[in-house]
Structure formats: structure tokens, C-alpha cells
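Peer 1: When the letters of the sequence shown are read in order and numbered with this note's numbering, they come out as residues 6 to 209.
Just dropping this structure here.
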Amino acid sequence: MKIMYVPASPYVRKALVTVIEKGLADKVEKVRDNPFEETTKIPDFNPAGKVPTLIRDDGGVLFDSPVICEYLDSVGTGPKLFPSGGEARWTALRRQALGDAALDAIVVIINEMHRRPADKQHPPVVERQARVLTRCFDMMERDAAALGNDITVGHIAYGIALGHLDFREEMVGGIEWRTGRPKLAAWFATFNQRPSMQATIPHI
Ligand SMILES: N[C@@H](CCC(=O)N[C@@H](CS)C(=O)NCC(=O)O)C(=O)O
């Protein structure tokens with residue numbers, strides 16, 4: 006398999022953490038391709054032109070990190086990251102959606118503050134997404150005691166959203182998530198030590 010990636014993308018990181026957690030590191034070739042560069046080949050495979058994009062060994066293409074992560078879970082080894090059914094599945098999917106919602110809000114803030122000319126920026130956009138982030142992290146804090154030492158795609162999505170805000174803290178105007186969220190901070194400190202998280206620390 007091949008995964009088209011950039012090392013700063015949190016959605017890519019979800020997929021790469023999953024690759025490692027599922028024992029697939031030697032089966033997935035990483036192909037660096039920046040979707041914002043003219044030379045990108047990503048649109049030949051994924052009409053959205055986004056990373057991560059996964060090219061399977063049979064030539065089939067998968068995109069969007071939730072789909073890629075579920076595929077990797079189905080072909081790898083180790084505990085299921087997507088529980089097969091019941092309430093456990095809904096909990097994992099809800100947590101994934103919450104982590105991804107926080108990521109989406111971070112991306113909107115960064116695009117608004119750093120990818121638009123100053124005279125085209127609209128502060129209410131950033132303020133609205135900052136409120137989204139507050140609500141997302143508050144919900145994670147309420148959930149933190151239930152996270153335990155398990156790992157599902159929901160845990161991965163939480164960890165990557167929190168890690169991404171740390172990575173982009175300056176670009177999002179200094180929003181930080183630990184104050185007033187001690188349970189979440191303690192959970193992240195442990196989760197972030199997993200080899201899969203340490204092997205995928207984002208960089209430019
Ligand atoms: N929902 C997608 C989001 C992927 C995404 O937005 N990736 C960004 C990089 S962080 C990208 O490729 N952006 C290119 C663009 O917006 O044109 C997922 O979960 O994979």
C-alpha cells in the first residue's frame with residue numbers, strides 16, 4: 006500500500022498512528038506529496054485533492070481519514086480500533102467525530118488567519134471556531150475519565166486533535182486546551198507516550 010502524505014497534516018497523522026498500531030508499518034510506503042503544490046499528483050487519485058490518500062495493493066484508492074483508518078483496522082493485526090458493533094462502536098465513532106470536529110475548527114482558524122490577506126480576514130469566523138474548540142475540548146474533558154488505557158479510533162482522534170493544537174498553538178492565536186481540563190491533560194500525557202504517537206510527531 007502507499008499513502009500520500011505531508012508530515013504536518015493531523016488527518017495524515019491519524020492514518021499513520023493507525024498504521025503503526027495495526028502492525029502495518031512495513032506494508033505501507035509513504036509518498037510525500039503536498040496538495041497545495043502545482044506538481045501534486047493527489048487529484049489523479051482523489052478528486053478532493055487532499056491527504057491522506059491511500060492506494061491499496063490492488064490499485065483501489067481510499068480517502069478521508071475515517072475511511073482509511075477503518076480499512077487499515079480491517080487488514081492489520083492487534084485489537085480492533087473500530088469496535089464491530091453495539092454501544093462500543095457508537096462511542097468510538099462519536100469520539101472520532103469529536104476529534105475531527107476540533108481538527109476542522111483548527112484548520113478553519115489557520116486558513117482564516119494565515120492564508121488570507123489581512124484585509125480579507127473576518128474575525129467572527131475565528132471567534133466562532135474558537136468557541137467550537139472550547140466546546141469540543143470541554144466535551145473531551147467530561148469524557149476523559151471513561152477513556153481508560155484502551156485504544157480505539159476515538160482515542161486516536163482525541164490524541165491527534167490535542168497534539169495538533171499544541172503543534173499549531175501560535176498559529177491559532179495562543180488558544181490552549183489544558184487549563185481547566187486536568188483529566189484530559191493527564192490522559193493525553195500518557196497517550197502521547199505511545200510509540201505510534203512519538204513516531205508521528207508533526208513537523209513542516
Ligand atoms: N476530512 C479529511 C480532511 C483531509 C484534509 O483536509 N487534509 C488537508 C491537509 S491537513 C488537505 O489535504 N488539504 C488540501 C486542500 O484543502 O486543498 C480527512 O479526514 O482525511
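Note that CB positions come from ideal geometry on N, CA and C, so glycine has one too.
Fair warning: this is a prediction, and the values are worked out from it, not measured in the lab.
Which class does Ile180 belong to by DSSP, given the choice of helix, strand or coil?
Peer 2: Reduced to three states, the DSSP call for Ile180 is coil.
Peer 1: Going by the C-beta, is Pro40 closer than 7 Å to any heavy atom of ligand 1?
Peer 2: Yes, the beta carbon of Pro40 sits closer than 7 Å to at least one heavy atom of ligand 1.
Peer 1: Considering just the uninterrupted stretch of the alpha helix (DSSP H) at Arg100, what are its terminal residues?
Peer 2: Per DSSP, Arg100 belongs to the alpha helix (DSSP H) from 91-119.
Peer 1: Relative to the C-alpha of Thr58, which candidate in Ile73, Thr45, Ala106 has its C-alpha closest?
Peer 2: Closest option to Thr58, Cα to Cα, is Ile73.
Peer 1: Between which residues of its own chain and Val22 is the CB-CB distance below 6 Å, once the five residues before and five after are set aside?
Peer 2: Same-chain partners within the cutoff: Ile161, Ser201, Thr205.
Peer 1: Curious, which full-length beta strand (DSSP E) runs of at least 3 residues does the stretch 39-89 contain?
Peer 2: Runs of the beta strand (DSSP E) inside the stretch 39-89: 58-60, 66-68.
Peer 1: Suppose only complete runs of 4+ residues qualify. What are the alpha helix (DSSP H) ranges in the stretch 141-177, listed by chain order?
Peer 2: Taking only runs of at least 4 residues, the alpha helix (DSSP H) segments lying wholly in the stretch 141-177 are 158-172.
Peer 1: Hey, would you say the C-beta of Lys188 is under 7 Å away from at least one heavy atom of ligand 1?
Peer 2: Checking the Cβ of Lys188 against ligand 1 gives no.
Peer 1: Ordered along the chain, which non-local residues of its own chain (more than five positions away) have a Cβ less than 6 Å from that of Thr157?
Peer 2: These residues qualify, in order along the chain: Leu86, Ala97.
Peer 1: Does the separation of the CB atoms of Ala149 and Lys188 fall below 8 Å?
Peer 2: Yes, the pair counts as a contact, with Cβ atoms nearer than the cut-off.
Peer 1: Is Val27 near ligand 1, in the sense that its beta carbon is under 7 Å from a heavy atom of that ligand?
Peer 2: The displayed chain sequence assigns Lys, not Val, to residue 27. Not under cutoff, so the answer is no.
Peer 1: Return yes when at least one heavy atom of ligand 1 lies under 7 Å from the C-beta of Gly153, else no.
Peer 2: Every heavy atom of ligand 1 is 7 Å or more from the Cβ of Gly153, so no.
Peer 1: So, with DSSP's three-state summary, where would you put Lys27?
Peer 2: Three-state DSSP puts Lys27 in coil, outside helix and strand.
Peer 1: Are the CB atoms of Gly83 and Lys46 within a distance shorter than 8 Å?
Peer 2: Result no, Cβ atoms of Lys46 and Gly83 do not sit closer than 8 Å.
Peer 1: Using a Cβ-based criterion (distance less than 7 Å to any ligand heavy atom), does Lys7 qualify as near ligand 1?
Peer 2: For ligand 1, not one heavy atom lies less than 7 Å from the Cβ of Lys7.
Peer 1: Please indicate yes or no: does the CB of Gly54 lie closer than 7 Å to some heavy atom of ligand 1?
Peer 2: Yes, the beta carbon of Gly54 sits closer than 7 Å to at least one heavy atom of ligand 1.
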